[in-house]
Each structure stands twice: as structure tokens, then as C-alpha cells.
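Enquirer:
What follows is the structure, encoded as C-alpha cells:
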């Protein structure tokens, strides 16, 4: 009996791969088989730079803890979007580094497409678990993997990766409903943990919502005893512990970043608009594939819900014939519908303001469309199972369904773009211009470490791709932008406290000297000012140079005390503030060091997580840096640890005595050790659940 069951499972896996893999290869043929097409938008300008930093760190034998290229420094390990602790990303980076480091982007595209396939396979197995035939399960799996969510959200690596595990979570809930077991409790925990570690909180939230709503529906419709909720709760708790290695550092970073102010810009309208559902029968009704013709105010990727005409017909059949599990998955689909609609429904307008306050606006409800898409796929599969009987009919309908979805969504602007039309940014070129990149790199790298650049009126991609270009910036565009650093930027930029990307509006500010900003890039002329002088006109932009930029590390003769951050910001904003002469420190007392030679600071070694300096001075001085301070940074003078003071609102600094000294800054956050320990213990618990379950079975 057991061998027959396992034989059937193996046949299911083989059949799923034989059918669904060719579908995926055809659907994503442009990015897989042509070097002229890539996945667009955030994939290139946000996710690829993050993975590039991981890959380059590993090649250098370093763990990617600290990003020195963005915002004068950023705690990279705490960025959940980077997927540092997501096992499939580690595998992808390993193979890219081993076979072809220069083709990391292509390995990432394969990684993403593989997750789409994984979502399809798990949907197939889920449908088989609830009684669908192999043909019907293939139809449902095709609708999910080639349907609206994966088609429209391809640019978001974490959103795609996390979505792949949601059908596995549903499969686990079904198994637990039929027969509670330790093994499937562990599998559910693993699926939820992987959805979390995939790095997109909105999709992770959708996974947890899906598991609990499906469990509740199974209980209501008498498919399971009430204790199923307890198994889901236990799995959720274990998933949180498994994810602690990422969640705890991310929570710390969130508390110190502008992300805690997300509610400031919430507005009154969140969620998928009603207009989106026209696309269920007319995919490009609003010209979402032709952005030059698109006129609506919403993100066009949330206006594509085409799941195919056959899917809609099969759903009607499933509901009319009351197929098994239709009530449970129908309820799940309805809940997902109202959830993703957000404030566009009356219940949503009443509920979601409280929900957004609870989660600090870190969850975008629109991404619950993954659960809605899965519900549609499962209901369609159940309808096909109820209506179709002959293998030839299944085959014909499967082909029609796949071709319908492929012609509607494959190779569209949301999931493939031509590098001929939009060259993007690489280490050696920007927008196809090698001359521009060479000139900037030559100017910045006249010092070691290189000087920084900033933007006056230019493309945000400059500051999101710094791990690729290795051009350090005082700017950035990241949801975890540190609040203190952004307060410094507001001294020479316009913006709100919740902003994460500010362009320079006051180029004459002395704070730009403090931040080691030597170049200012702009697509329009910068007003005349005594600091930045036009250095060159290159394709599409002018570059201005500041020869008075201070080095990253220097000695200041005076220290003034600030009562708190607000007082420090006020002092830096004073027209009389001279960063070369005064350091504003929030610890200690005001100090005027003896007159005399200023001393010399030499950078001996500069690595992301460790910096070695040689400081020589005939008088005591205060060592000032434009390197962001963050919990986990430690300082050593001649091997003896010394406290780091919060200097000039956001940066590291400390007093240095007379003489010749070695000063070392080293980053090793203790929160990572604690969180890794929690996750390690959770992994042992997961292993016990799985192996105990296997032994019991």
C-alpha cells in the first residue's frame, strides 16, 4: 500500500515537471533564451544590486553585513529584501560565482523562473490532494503559474519567491485537516518560513493569511476538527522562530529607519481598484502593456487579472456542481478578494486603517492577489475535474488554456524588456554610455576610499545600483533608510520625515563637504553656487565638482555637546557651522583641544565591515567620520576598545590622544548572533518534527 502511494507521488512529480516546465520555458522564452531581453524595473534597479553585493562579498570571503556604497553606509544584513538568509538565493549566488560571476543577472532570472515553476508544481500537488485528476490538476497549475500574479509581478523577486511556497502551505493545511501529523506541521512551518525569508513582507503576510483562512473554512464546512487552527498556530510560531535570523535584525533596522513613519504618507486609498477586474475578460483594456497610453492613477501591474476565459467557465461549473472543496477554496478566494481590495470596499474602509496602524504600513494589501490567483486556479481545476472526463479533452483544454494565457501575458512590458531600448546600468556603463561611467569613476577614485556623489535632478537608479557600479553615494532609495542620516540630508534637501530619496536642493550647504560629496549629477543645470563648479557635460547630463569635499576621516579641533538628536540637527543647520572645525557630539562634554597642527589620518585598509586608520597628531584631537553609526560598530585604539560617540547626528567619531595610533572600526552586530541562535534551535525542532513524522508513518 505504502509503495503504491509513493509510486503515485513520484508519477505526479514527473508528470508535473514534464508538462509545467515546458510551459514556463515558453512563457518566459524571451528572458531565458535571448540576451536582448531582461526582467524589468525593480528586478534590475533594486534586487539585482542587492544580490550583486552578496555575490561580491562572498567572492571576497566576507559576509555581507554592511553596505558602504549607499547612504554613507547601511546595515545590509538587516534588509529583509536582500534575501541573505533565503536558501535558494544562497544556492543561486553560489552557482553564479562558481560558473560565471559576470552573468549573475541571468542566474537570478533562472532563479525567479524556477520559483514560478515551483508554484505551479505545488498547485498541481494541492489539486491532486483534494481529489482532482491529473489532467484537471495540470489545468489548475497552468492557470496559477501563467496567470495574473506571476505575469504582472515578475519584477519583484521576493514577491515571486514567497508566492511559490503558498500552494505548499495550502497542501500542508489540507493534509493536517485529513490527518494531523508532526511531519505536515513541520512542512507547513517550513513553507511559511520560506515565504518570510524570501524577503517580501506583503507576500509573507498573504501566506499566513491563506493558511489560517483555509483552515477556518475547512472547519466551518466540516472538513476538519477545530484543532486544525492549533496546528496552524504551532506552525506559524515555529516559522517565526525559523525566520528569526532575519526578522530580529529587520525589526531593529525598522525601528531606527524612516520605515516607522510609513503611516505619514498612507493616504486614504490602498488596494486593488474595481477597474482592475475588467482585465479578467479584456487583458489590456487600460493599456497596461503600453505605458505611453496608460492614463489611470494606479500602479498598472495591479490592473492585470487575466486568468483566462476557460478558467472563468470552469469556476462556474465548479460552483454549480458543488465540487468537493469548492466551498473552502471559494471562501478563501472571497476573503482574498476583499483583502486585496483594501480601502476600495466599505468593509475595507472601516477595517484597514486599524490594520495599517497595527503593521506600521509594512504590508501592501494588493499583493494578496497571489491568494486570489491561487484560489481562482484551484476552483478552475476543480471545475475542469467535474466537467471533463476524457484524456483527450483534458489535453486539448490544457493547450487552449496555456496558449490563451501566453498570448495575453507572455513577453509583455511587465515581465520582459529589451536592453536595446533600455540598456540599464552596469559596472562599466550607464544608459549605454561608457564615457560617462569612466569619467565619474576616475574622479571619485582619486582618493582611497573613493569620494561620494549625489544627485541634484537625476535618475534614482544611480543610487540604487551602487553595489553594481561601486560608486559610493551619500544618497539612496531604500525602505530602511536610517532616520538619523535622513535628518542630515534634510539640511540640504527638501522632503518629509518619511522620505527615503531626497535630491539635493541646496548645493551650497557645508554639510555636503562633511559627507565627502565630490560630484553632483544632474540632467538640468545646477544654479550657480560657490561650492559646485561644472566640470563636464556628458551624454544627457552635466556633472559638477566640489573640490572642497572633506575626506571620509579627519581630525577636528573642537567638540560641541548636543542634548539630543534634535539639538544636534539644529547645530548642524546653523549657518555658522563649519564641519572642518567643529564636531557636534551627543555624548560627553564640549571640548576645545589645544592649538597646533591638525594631524593626519591615513586610511590603511577600507573594507565594508572593517576600517583601519593610522592617526598621527601632536595634540589631542577628535576623529570625525562621515561613516554612519549603527548598533554593532565598535572602535579600537591600539587594540583597546573605546566607545563610539554619535557624531554630527548620524556618524561615528571618538577622541584620539596625542601621538601615532592605529584606530580600527569593526562591525559585528550582536543581534545577529542571538537571532541566528534562535533560528538554529528552531531548525533542530523542525528536523525533529519531520523525522519523527517519518518514523511515526
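In this note's numbering, the protein residues as written are 281 to 977. Glycine included, each C-beta is placed from N, C-alpha and C at the ideal position.
Smallest Cα separation from residue 391: which of 404, 372, 782 and 416?
Expert: Nearest C-alpha to residue 391: 372.
Enquirer: Is the beta carbon of residue 530 sitting closer than 8 Å to the one on residue 370?
Expert: Not closer than 8 Å, so no.
Enquirer: Rounded to the nearest angstrom, what separates residue 926 and residue 356 at their Cα positions?
Expert: Approximately 20 Å between the Cα atoms of the pair.
Enquirer: For the candidate residues 452, 516, 492 and 439, whose alpha-carbon lies nearest to that of residue 473?
Expert: The shortest C-alpha separation from residue 473 is found at 516.
Enquirer: Report yes if the C-beta distance between residue 816 and residue 863 is below 8 Å; otherwise report no.
Expert: Cβ distance not < 8 Å, so residue 816 and residue 863 don't count as in contact.
Enquirer: Bridge partners for residue 886 per DSSP, in chain order?
Expert: Answer is 891.
Enquirer: Does any heavy atom of the ligand NAD sit closer than 7 Å to the C-beta of residue 570?
Expert: Ligands displayed in this structure: none; no statement on the ligand NAD is therefore possible.
Enquirer: I'd like to know whether the C-beta atoms of residue 512 and residue 486 end up nearer to each other than 8 Å.
Expert: Not closer than 8 Å, so no.
Enquirer: Hey, is the segment 298 to 315 in contact with the segment 413 to 429, meaning 3+ C-beta pairs nearer than 8 Å?
Expert: Touching, yes.
Enquirer: Let me check understanding here. Comparing Cα to Cα, which of 658, 571 and 645 lies closest to residue 605?
Expert: Per the Cα distances, 658.
Enquirer: If you compare alpha carbons, which of 540, 945, 846 and 911 is closest to residue 890?
Expert: Of 540, 945, 846 and 911, the residue nearest in Cα terms is 945.
Enquirer: For residue 810 and residue 785, what's the separation of their Cα atoms in angstroms?
Expert: Cα to Cα, the separation comes out at about 14 Å.
Enquirer: Can you grab the Cα-Cα spacing for the pair residue 741 / residue 679, in whole Å?
Expert: Each residue's alpha carbon lies about 40 Å from the other.
Enquirer: Can you tell me whether residue 789 is helix, strand or coil according to DSSP?
Expert: Three-state DSSP puts residue 789 in coil, outside helix and strand.
Enquirer: By Cβ distance below 6 Å, which residues in the same chain neighbour residue 693 in space, the five residues on each side in sequence not counted?
Expert: Same-chain partners within the cutoff: 569.
Enquirer: Use the C-beta contact count for residue 854: other C-beta atoms within 10 angstroms, 16 or more gives buried, fewer gives exposed.
Expert: Residue 854 should be labelled exposed.
Enquirer: With distances taken between CB atoms, is the gap from residue 930 to residue 524 smaller than 8 Å?
Expert: No, these two residues do not count as a Cβ contact at 8 Å.
Enquirer: Below 7 Å CB to CB, which residues in the same chain sit around residue 804 once its five sequence neighbours on both sides are set aside?
Expert: 737.
Enquirer: Specify, as a first and last residue, the run of the beta strand (DSSP E) that residue 824 falls within.
Expert: Looking at the DSSP string, the run of the beta strand (DSSP E) that includes residue 824 is 821 to 825.
Enquirer: Can you give me the C-alpha to C-alpha distance between residue 307 and residue 797, rounded to a whole angstrom?
Expert: C-alpha separation (whole angstroms): 45 Å.
Enquirer: Can you tell me where the alpha helix (DSSP H) holding residue 620 begins and where it ends?
Expert: Taken as a continuous stretch (DSSP letters only), the alpha helix (DSSP H) holding residue 620 covers 606 to 621.
Enquirer: Report yes if the C-beta distance between residue 456 and residue 468 is below 8 Å; otherwise report no.
Expert: In contact: residue 456 and residue 468 (Cβ atoms closer than 8 Å).
Enquirer: Leaving out five residues before and five after residue 844 in sequence, what residues of the same chain have Cβ atoms less than 7 Å from its Cβ?
Expert: Result list for residue 844: 866, in chain order.
Enquirer: Taking the alpha carbon of residue 825 as the reference point, which residue from 707, 846, 802 and 577 has its own alpha carbon closest?
Expert: Closest by alpha carbon: 802.
Enquirer: In the DSSP assignment, the alpha helix (DSSP H) including residue 689 goes from what residue to what residue?
Expert: First-last of the alpha helix (DSSP H) with residue 689: 671 to 689.
Enquirer: According to DSSP, is residue 845 part of a helix, a strand, or is it coil?
Expert: Residue 845 falls in the helix class under three-state DSSP.
Enquirer: According to DSSP, is residue 941 helix, strand or coil?
Expert: Residue state, collapsed to three classes: strand.
Enquirer: Apply the 10 Å Cβ neighbour rule to residue 718 and answer buried if 16 or more other Cβ atoms are within range, or exposed otherwise.
Expert: Classification for residue 718: exposed.
Enquirer: How is residue 318 classed by DSSP in three states: helix, strand or coil?
Expert: If DSSP states are grouped into helix, strand and coil, residue 318 belongs with the strands.
Enquirer: Going by CA-CA distance only, name the one from 328, 432 and 960 that's closest to residue 691.
Expert: The residue with the shortest Cα to Cα distance from residue 691 is 432.
Enquirer: Measuring CA to CA, which of 746, 880, 762 and 940 is closest to residue 327?
Expert: When each option's Cα is compared against that of residue 327, the closest is 746.
Enquirer: Is the distance from the Cβ of residue 699 to the Cβ of residue 316 below 8 Å?
Expert: Cβ atoms of residue 699 and residue 316: closer than 8 Å.
Enquirer: Would you list the one or two residues that DSSP bridges to residue 650?
Expert: Answer is none; residue 650 lacks a bridge partner.
Enquirer: Give me the Cα-Cα distance between residue 413 and residue 483, rounded to the nearest whole angstrom.
Expert: Taking the straight line joining both Cα atoms gives about 29 Å.
Enquirer: From what residue to what residue does the alpha helix (DSSP H) around residue 551 run?
Expert: Taken as a continuous stretch (DSSP letters only), residue 551 belongs to no alpha helix (DSSP H), as it is neither H nor E.
Enquirer: Is the number of C-beta pairs between the segment 846 to 853 and the segment 764 to 779 that are closer than 8 Å three or more?
Expert: Touching, yes, given that three or more Cβ pairs across the two stretches are closer than 8 Å.
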